[in-house]
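Notes follow once the structure below has been shown.
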Amino acid sequence: MADEHQFIRDGLQRTQIDEFFAAELSRAGYGGMEVAKTPMGTQIVLKAEKPGMVIGKGGKNIRKITTELEERFDLDDPQIDVQEVDEPDLNAQIVADRLANAL
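Under the numbering used here, think of the first position of the sequence shown as 32, with each following residue one higher.
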């Protein structure tokens, strides 16, 4: 029973983190994320159309996001890796955001 509750909590936390990134990085063409818990901390891989906007000038934006993740979601040492989406037109989240902004 405890494993089920932990599984549900982890899923809920992942969804909340995904919603946080979608709100924070909508201008950068946020295209999804992957979260993996490791012994050294939490590894997060962000997919974005414009990774430069995610990182920010001098890494300022990515440091702010890392701090917010630690405080808001109680993550231990989040390591964020930003990857560029090769074909943004094939990423459902990016296309949906574009359509929503066009309306």
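We treat Cβ as the ideally placed atom computed from N, Cα and C, and that holds for glycine.
Going by DSSP, what residues sit across from residue i in a beta bridge?
i, result
"Asp112", "Val76"
"Thr69", "Gly72"
For residue i, which of helix, strand or coil comes out of DSSP?
i, result
"Met84", "helix"
"Gly63", "strand"
"Leu106", "coil"
"Asn122", "coil"
"Leu43", "helix"
Given a cut-off of 8 Å on the beta-carbon distance, is the pair residue i and residue j in contact?
i, j, result
"Pro109", "Leu121", "no"
"Ala79", "Val113", "yes"
"Leu56", "Val85", "yes"
"Lys81", "Gly60", "yes"
Between residue i and the rest of its own chain, which residues show a CB-CB distance below 6 Å, the 5 nearest in sequence each way excluded?
i, result
"Gly63", "Lys78, Gln124"
"Ala67", "Gln74"
How would you label residue i, buried or exposed, when you count the other beta carbons within 10 angstroms and need 16 or more for buried?
i, result
"Leu106", "buried"
"Phe52", "buried"
"Ile96", "buried"
So, for residue i: in the same chain, excluding its five sequence neighbours on each side, which residues have a beta-carbon less than 8 Å away from its beta-carbon?
i, result
"Phe104", "Gln44, Gln47, Ile48, Phe51"
"Gly72", "Leu106, Asp107, Asp108, Pro109, Gln110"
Going along the chain, which residues of its own chain have a beta-carbon closer than 7 Å to the beta-carbon of residue i, five neighbours each way excluded?
i, result
"Asp128", "Ser57"
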